[in-house]
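Have a look at the structure below before the remarks.
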Amino acid sequence: MSQTKSSRKTPDQLRSARWFAPDDLRSFGHRSRLKQMGFSEADYVGKPVIAILNTWNDLSQCHTHFPERVEQIKRGILQAGGFPVEIPVMSLSEMFMKPSAMYYRNLLAMEVEENLRCHPIDGAVLVGGCDKTTPGLIMGATSADLPCIYVPAGPMLAGNWKGTRLGSGTDSWKYWAEKCAGNLPDCDWRGVEEGIARSPGTCMTMGTASTMTAIAETLGLSLPGASSIPAVHSAHGRMAAESGRRAVELVWQDLRPSKLLAREAFDNAITVDMAIGGSTNAIVHLIAMAGRAGIKLPLERFDELSQRTPVVANLRPSGEYLMEDFYDAGGLPALLNRIRHLLHTDVITVNGRTLGENVAGAEIINSKVIVPEGKELSQAGATFILRGNLAPDGCVIKPTAAEPRLLKHTGPAVVFENYEELKKGIDDESLPITADSVIVLKCGGPIGAPSMPEWGMLPIPKRLLKQGIRDMVRISDARMSGTSYGTCVLHVAPESAVGGPFALVRTGDLIELDVQARRIHLHVSDEELAVRRSQWIAPERRYERGYAALFAHEVTQANEGCDFRFLHAGKATPEPDIY
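Residue 579, in UniProt numbering, is where the sequence shown stops; the numbers in between run on with no holes.
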């Protein structure tokens, strides 16, 4: 049922009133400083203070349109009788941040939580989009538990080169392989570079950004349809203003993340991730986001929901089309309506209505993009969970983006102990490797790398590329970009750096992959593995101070969401004292 209007806050119950309302010296100081900034009592008295948490900066390539969007959000807040305040927070640029934007997801979450807690804020608009930005914002807002709404950046326009539509990320890997094979001249490679990213917005493939914004909408944290709107579409600005208006009403209704993020909502999110052919990264993020809501999501739950959920979004890298096409085909509401029999449709969303009410009547405009029954890309979801003696705590693979013939394969391992060794050795002509080999990369995990960089689409040797080989079985404890493809086994847990069985693999060992059986097996006896374990030496910890040391000490494994232990344990932090 839609939320009723029975229990509304009154102005004296606003959280910000603790700062502004009392007749004491401290509140005198707060009010006088507002006047210092040019605000009068008419701006804030009796009005919800709405923070706009803006993840814009000059190096955040996906968010270049945010200055305009923030002004539209402010307009909506003012129209609804709120008091907007913009608070810049860390922007996680997937392109420019090293070693990985994932390194800083938890730091963004901490910044969001503390900004919301320490300031006189009643509600918030979270403005983000680039891959790790979405989960970071949501994790922090969930822990702070103030009414909030998420405004996604939206996908960029489709790329174009010589009349060929390009998908960001996905076609980068494709044309790079052709360049390495000697099939693409430098001038054409530069043409692809100029045409592949043509506007503000996130990757227009179903990569991590589009996956996570779809998940945010499914969880009920965005307005219906928000995640599918292209960044430069006029509807995107209208959605931003409407989100500002809605943020004010959320405060009066006291509709917080804790009232939206039920276990059923996370089941819906997993189901949608599987149906859209979503990024493997979503598994790590969903586990972390659910943890902030006090919900444990074991890998088994992902596999259970995957096995019953068909892939119905024909989007790259699993399919053919791009996010512009998805929007024109009806967007996420149409897809949700298509699979509504698999969803909990009675969960409440940020607009106060149920998910079922939001998507009722949503129409599929193009059945080539959102496919009907009988035309599914796969009868099971996009991501499978594998287990075996190589990964006792699990690992993941995206079979819809893999070469089908490799989904059941046994081959000899070619092992690289770290990424530097891989870069130096993969194209060595003396490397004992064939198309049947299994490429293994260690020290790509949360601690070993650190932060699980997107190394998992391991490079294929140039000499094999020149022979026409475009996919091989590859295994790592790293992640891969949601725009990537290939038979890549990822997120091996426990990771090699903490002494998991993955640390014991040696070149020449036979590794068996059987995706349909959800199995990955190292053909080495338990006795031999015990000998190897006795000889194993843990890599030295590289960091002794600062955030890097904190990360290494506190980060959990991939199957636990890579959150910090101290952030998803213990009682909720109380409201700050005001002195």
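Where is the CB? At the ideal position from N, CA and C, for every residue including glycine.
Item, Value
"For TRP161, the first and last residue of its enclosing beta strand (DSSP E)", "159-161"
"Residues that DSSP places opposite LEU490 in a beta bridge", "VAL396"
"Pairwise C-alpha distance: MET37 and PRO230", "36 Å"
"Spatial distance of PHE384 from GLN253 (CA atoms)", "39 Å"
"Distance between THR434 and residue 581 (C-alpha atoms, nearest Å)", "The structure shown has nothing for residue 581, since the chain only spans 1 to 579."
"Secondary structure of ILE447, DSSP reduced to three states", "coil"
"Beta-carbon proximity check, GLU193 vs LEU184, cutoff 8 Å", "no"
"Exposure label - PHE28; buried when at least 16 CB within 10 Å", "exposed"
"Beta carbon of SER210 nearer than 8 Å to that of MET323", "yes"
"Assigned secondary structure, HIS553 (DSSP; H/G/I helix, E/B strand, else coil)", "helix"
"Rounded separation between SER172 and ASP273 - CA only", "23 Å"
"Cross-strand partners of GLU86 (DSSP beta bridge)", "ILE52"
"Nonlocal neighbours in the same chain, by C-beta distance under 7 Å from ARG105, ignoring five residues either side", "LEU92, LYS132, PRO135, GLY136"
"SER514 versus GLY500, GLY508, VAL489, residue with shortest Cα-Cα distance", "The sequence as given places Asp at residue 514; Ser does not occur at that position. Closest by alpha carbon: VAL489."
"Local Cβ density within 10 Å of TYR175, reported as buried at 16 or more and exposed below that", "buried"
"Candidates ILE121, VAL151, SER143, MET204: closest to ASN160 by CA position", "MET204"
"Sequence-distant residues of the same chain with beta carbon closer than 6 Å to LEU567, five excluded per side", "none"
"Meets three-Cβ-pair contact criterion under 8 Å: the segment 460-468 and the segment 365-383", "no"
"Pairwise C-alpha distance: ASP188 and MET1", "Note that MET1 has pLDDT 49, beneath the 50 cutoff, so the model's placement of it is unreliable and no number is given."
"Residues near ALA548 in its chain [Cβ-Cβ closer than 8 Å; skip 5 each side]", "PRO450, ARG542"
"Contacts around ALA569, its chain only, beta-carbon distance under 6 Å, and the 5 residues preceding and following it disregarded", "none"
"Sequence-distant residues of the same chain with beta carbon closer than 6 Å to THR4, five excluded per side", "Confidence at THR4 is low in this model, with a pLDDT of 48, below 50, so the placement of that residue is unreliable and no value is reported for it."
"Contact between the segment 65-81 and the segment 111-121 (3+ Cβ pairs under 8 Å)", "no"
"Beta bridge counterpart(s) of LEU286 as assigned by DSSP", "Per DSSP, none; premise fails for LEU286."
"Nonlocal neighbours in the same chain, by C-beta distance under 6 Å from PRO224, ignoring five residues either side", "PRO333, ASN358"
"Contact set for THR218: own chain, Cβ-Cβ below 6 Å, skip 5 residues either direction", "ASN268, ALA269, VAL272"
"Between the CA atoms of ASP563 and GLU554 - distance to the nearest angstrom", "8 Å"
"Coil, strand or helix - ARG18 by DSSP", "helix"
"Secondary structure of LEU390, DSSP reduced to three states", "coil"
"DSSP-derived helix/strand/coil call for PHE39", "coil"
"Residue nearest to VAL473 in terms of C-alpha spacing, selected from VAL492, THR410, LYS424", "THR410"
"Residue closest to MET95, alpha-carbon to alpha-carbon, out of SER168, ASN54, PRO120", "SER168"
"The segment 299-311 touching the segment 412-421, judged by at least three CB pairs closer than 8 Å", "no"
"Where CYS562 falls: helix, strand or coil (DSSP)", "coil"
"HIS523 to ARG506 span [Cα, whole Å]", "11 Å"
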